[in-house]
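The listed protein sequences derive, respectively, from chains A and B. Using the numbering used here, the letters of the first sequence map in sequence onto residues 11 to 297. Using the numbering used here, the letters of the second sequence map in sequence onto residues 11 to 297. No residue lacks a Cβ here, since even glycine has one placed at the ideal position from N, Cα and C. As the structure is a computational prediction, the values presented were derived from the model and not from experiment.
2 protein chains.
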Amino acid sequence: MHVPDMPNAKSHAPIGVFDSGLGGLTVAHAIRARLPHEDLVYLGDVARVPYGTRSPQTVMNYARACARKLCEHEIKLLVVACNTVSAVALDMLSVELDLPVLGVIGPGARAGAQASTHGRLGVIATAGTVLSGAYPRAVASVSTRVEVFMEPAPLLVPLVEEGWITGEVPRLAVRRYLEPLVAQRIDALVLGCTHYPLLHELITSELTTLRGQVLPVVDSAEATAHDLERLLRERKLARDAGMDRDRGGRKGSLRILVTDMPGKFSEVAARFLGESVDGLDVTQIDL
Amino acid sequence: MHVPDMPNAKSHAPIGVFDSGLGGLTVAHAIRARLPHEDLVYLGDVARVPYGTRSPQTVMNYARACARKLCEHEIKLLVVACNTVSAVALDMLSVELDLPVLGVIGPGARAGAQASTHGRLGVIATAGTVLSGAYPRAVASVSTRVEVFMEPAPLLVPLVEEGWITGEVPRLAVRRYLEPLVAQRIDALVLGCTHYPLLHELITSELTTLRGQVLPVVDSAEATAHDLERLLRERKLARDAGMDRDRGGRKGSLRILVTDMPGKFSEVAARFLGESVDGLDVTQIDL
């Protein structure tokens, strides 16, 4: 008689996702698209965003506080949807927490290395992520044939937050950031910041113009959702889709916790999440 | 016999200056230019910058912590070199602290109202400062004939922090922010954010092009230094210039306290301060 693998008792628990702000909602969006029946609890440390300009020690303290808060919600797995924290504090969190921890840099680096046919991979990210050297390290751990060329593109974050994602200003800024990478003859590009997926089209179009050919552009949010699916399966933590809907099984919930509630919260959150936050459970918390 | 006014016993104490980040160093710079013999203690809450996107309650909590820290340095007067705090927490600080408190909005509004010949004053500032309504209130308290037109210009902050203060990207961004004000036929403009003085030339040039004439552009850092000089005199808190130098009297000291020490601290601080921070006393503190 065949006995099917028993799912882990925690498979019904939610997945915790945290970011320094609301940018990580692009990762939550990619997870919901790929794993629609999983429950998510998202924590955005909006009161202390951005982490990218903080010292590593400060980032570790903040990351520990965010992770602890999510553990109170009995999560089964933690997604660190923040490049800065993934670069600086992922090892610490993996050691300190008694659950699987997935960052955004590993998945982005893996997908980037796969996309790079001639081993010349470009990465744009915040200054902090670039300085950390985390992308070259992560790429080196999956491939020895791929060289990584990094370019800090910090202004793209406020451009996205302001909603300036089309027009001359973002186009010229994107072009200025891509030019040094194109000069290095990159053959694929990783968007190494959770804000950048909103500029995916513009970046692809400028890169094509500058390079004279279409190159693969890897969205680290998508890559993270992909690796999360595999990790859940490996650890037997994937939630059963259930049969309580006519098609597609149960629809997972999304709870949003924020450490502050800035004026344009709903507008900015909806931009990153790709859907309105009106029907969602949004709570302001202290850390 | 004429007895000269005795200076206040506290006149030898330093002036405290604080901001959410390093932008307030433009105010410290303007104060040092005007009052070179005064000692300054500057506190930049770099670990929690920017305040502009925080809720009023959070801004008040942060402002209280910064003011208390500066009071430990026995300051004689507090300059709130942050538009967000000046908009939200100045009254609270004035009530709670036992010393004179000067913000940047009152001086900027006064100088703007004086510069506006036909009563149509434009102000650019962060979104938080615009939403607070503090500039129209401050202008109304000094003049009933001046109407205020506000425009949020949040992207100018990261542009200045990145050092993109010349070229097409800041020019197009400045133009986009000025166009609605020019459509209102403003006759003077206040730079209502401590970062904007670094774009003074570019803003003046774009405003002249758009408006077809040269308009006065008021730098609220300069206006604050001007009002500070008067306030020190009125309260008999001005420091005697002394005779220990051949020309110009003693040179005041500048201590800088920061709540975090980000990677490009020296470069960014020097940009705002208009001088290198190498010889200055810079200390990292906790709040």
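In the DSSP assignment, what are the bridge partners of residue i?
| i | result |
| --- | --- |
| Q294 (chain A) | A:V268 |
| M160 (chain A) | A:V133 |
| F28 (chain B) | B:L53, B:V90 |
| G113 (chain A) | A:V90 |
| L199 (chain A) | A:G132, A:V227 |
Just the Cα atoms here: how many angstroms apart are residue i and residue j?
| i | j | result |
| --- | --- | --- |
| L103 (chain B) | A73 (chain B) | 8 Å |
| H238 (chain B) | I196 (chain B) | Correcting the residue identity first, residue 238 (chain B) is Leu in this sequence and not His. Each residue's alpha carbon lies about 27 Å from the other. |
| V69 (chain A) | L212 (chain B) | 36 Å |
| I175 (chain A) | S21 (chain B) | 52 Å |
| L100 (chain A) | G26 (chain B) | 39 Å |
| I134 (chain B) | I295 (chain B) | 32 Å |
| L131 (chain A) | D288 (chain A) | 39 Å |
| D317 (chain B) | V292 (chain B) | Shown here, chain B extends from 11 to 297; a query on residue 317 (chain B) therefore has no answer. |
| L87 (chain A) | E277 (chain A) | 28 Å |
| Q124 (chain B) | E244 (chain B) | 21 Å |
| G222 (chain B) | T214 (chain B) | 11 Å |
| R78 (chain A) | L225 (chain A) | 40 Å |
| L50 (chain B) | A57 (chain B) | 21 Å |
| V13 (chain B) | H128 (chain B) | In this predicted model, V13 (chain B) has a pLDDT of only 49, less than 50, meaning its place in the structure is not dependable; the value taken from the coordinates is given anyway. When rounded, the distance between both Cα atoms is 45 Å. |
| G262 (chain B) | E48 (chain B) | 5 Å |
| V192 (chain A) | V156 (chain A) | 16 Å |
| P146 (chain B) | V140 (chain A) | 42 Å |
| A231 (chain B) | A279 (chain B) | 16 Å |
| P24 (chain B) | G118 (chain B) | 23 Å |
| M160 (chain A) | P66 (chain A) | 20 Å |
| V152 (chain B) | G122 (chain B) | 10 Å |
| G273 (chain B) | G138 (chain A) | 8 Å |
| S207 (chain A) | P162 (chain A) | It is Pro, not Ser, that sits at residue 207 (chain A) in the sequence shown. Rounded to whole angstroms, P207 (chain A) to P162 (chain A) spans 16 Å at the Cα level. |
| E216 (chain A) | A19 (chain A) | 48 Å |
| T154 (chain B) | V105 (chain B) | 27 Å |
| L290 (chain B) | L283 (chain A) | 45 Å |
| L297 (chain B) | G62 (chain A) | 20 Å |
| T241 (chain A) | E84 (chain A) | According to the sequence displayed, residue 241 (chain A) carries Leu and not Thr. Going from the Cα of L241 (chain A) to the Cα of E84 (chain A) covers about 18 Å. |
| N71 (chain B) | S126 (chain A) | 49 Å |
| P60 (chain B) | V59 (chain A) | 8 Å |
| K246 (chain A) | A144 (chain A) | 29 Å |
Cβ of residue i within 6 Å of any heavy atom in the ligand NAP?
| i | result |
| --- | --- |
| Y72 (chain A) | Judged by which ligands are present, the structure shown has none, so any question about the ligand NAP falls away. |
With a cut-off of 8 Å on the beta carbons, I'd call residue i and residue j a contact; round off their distance for me.
| i | j | result |
| --- | --- | --- |
| L209 (chain B) | V170 (chain B) | 6 Å |
| A251 (chain B) | G259 (chain B) | 3 Å |
| A75 (chain A) | A38 (chain A) | About 20 Å separates the two Cβ atoms, so there is no contact after all. |
| V227 (chain A) | L182 (chain A) | With a Cβ gap of about 19 Å, V227 (chain A) and L182 (chain A) do not count as contacting. |
| V179 (chain B) | V179 (chain A) | 6 Å |
Have a look at the options and flag the residue whose alpha-carbon is nearest the alpha-carbon of residue i.
| i | options | result |
| --- | --- | --- |
| T136 (chain B) | B:G33, B:D291, B:A280 | B:G33 |
| L264 (chain B) | B:G31, B:P46, B:D29, B:N18 | B:P46 |
| E82 (chain B) | B:V98, B:A57, B:L109, B:Q67 | B:L109 |
| F275 (chain A) | B:D29, B:H39, B:R64 | B:R64 |
| S299 (chain A) | A:E157, A:V105, A:I115, A:G122 | Nothing about residue 299 (chain A) can be reported from this structure: the residues present for chain A run from 11 to 297 only. |
| T219 (chain B) | B:A235, B:A40, B:E189 | B:E189 |
| H236 (chain A) | A:I41, A:D29, A:I266, A:A23 | A:I41 |
| A97 (chain A) | A:L112, A:A193, A:L53, A:A38 | A:L112 |
| R186 (chain A) | A:V200, A:G202, A:A148, A:P164 | A:P164 |
| F28 (chain A) | A:N71, A:T94, A:G54 | A:G54 |
| C203 (chain A) | A:T94, A:E157, A:R281 | A:T94 |
| T36 (chain B) | B:S286, B:R281, B:L297 | B:R281 |
| R120 (chain B) | B:Y52, B:A150, B:L242 | B:A150 |
| E285 (chain A) | A:G31, A:S30, A:A43, A:A148 | A:A43 |
| Y52 (chain B) | B:V179, B:A19, B:I266, B:Y206 | B:I266 |
| V89 (chain B) | B:P60, B:A144, B:G173, B:S30 | B:S30 |
| D229 (chain A) | A:A148, A:E106, A:L201, A:N71 | A:L201 |
| Q194 (chain B) | B:V158, B:L80, B:V105 | B:V158 |
| G173 (chain A) | A:H205, A:N71, A:V268 | A:H205 |
Within 8 Å of chain A by C-beta, residues of the stretch 266 to 285 of chain B in sequence order: Residues passing the 8 Å Cβ filter: D270, M271, P272, G273, K274.
Name, going along the chain, the residues of the stretch 184 to 201 of chain B whose beta-carbon falls closer than 8 Å to a beta-carbon of chain A. Residues R186.
Output needed in chain order: residues of the stretch 60 to 71 of chain B with a Cβ under 7 Å from some Cβ in chain A. Answer in chain order: T63, R64, S65, T68.
Taking any Cβ of chain A, which residues in the stretch 203 to 218 of chain B have a Cβ under 9 Å from it, in chain order? So nothing in the stretch comes that close.
Counting only Cβ-Cβ distances shorter than 9 Å, please list the residues of the stretch 123 to 155 of chain B near chain A, keeping chain order. The stretch 123 to 155 of chain B vs chain A, Cβ under 9 Å: A137, G138, L141.
At a Cβ cut of 7 Å, what residues of the stretch 29 to 62 of chain B count as close to chain A, listed as they run along the chain? Cβ contacts with chain A come from A57, R58.
Note down, in chain order, all residues in the stretch 164 to 179 of chain B with a beta-carbon under 9 Å from any beta-carbon belonging to chain A. So the list reads P164, L165, V167, P168, L169, E171, E172, W174, G177, E178, V179, given in the order they occur along the chain.
Report the residues of the stretch 229 to 251 of chain B with a CB closer than 7 Å to any CB of chain A, ordered along the chain. Flagged: no residues at all.
Any residues in the stretch 76 to 94 of chain A with a beta carbon nearer than 8 Å to a beta carbon of chain B? Which ones, in chain order? Only those residues of the stretch 76 to 94 of chain A whose C-beta falls short of 8 Å from the nearest C-beta of chain B would be listed, and there are none.
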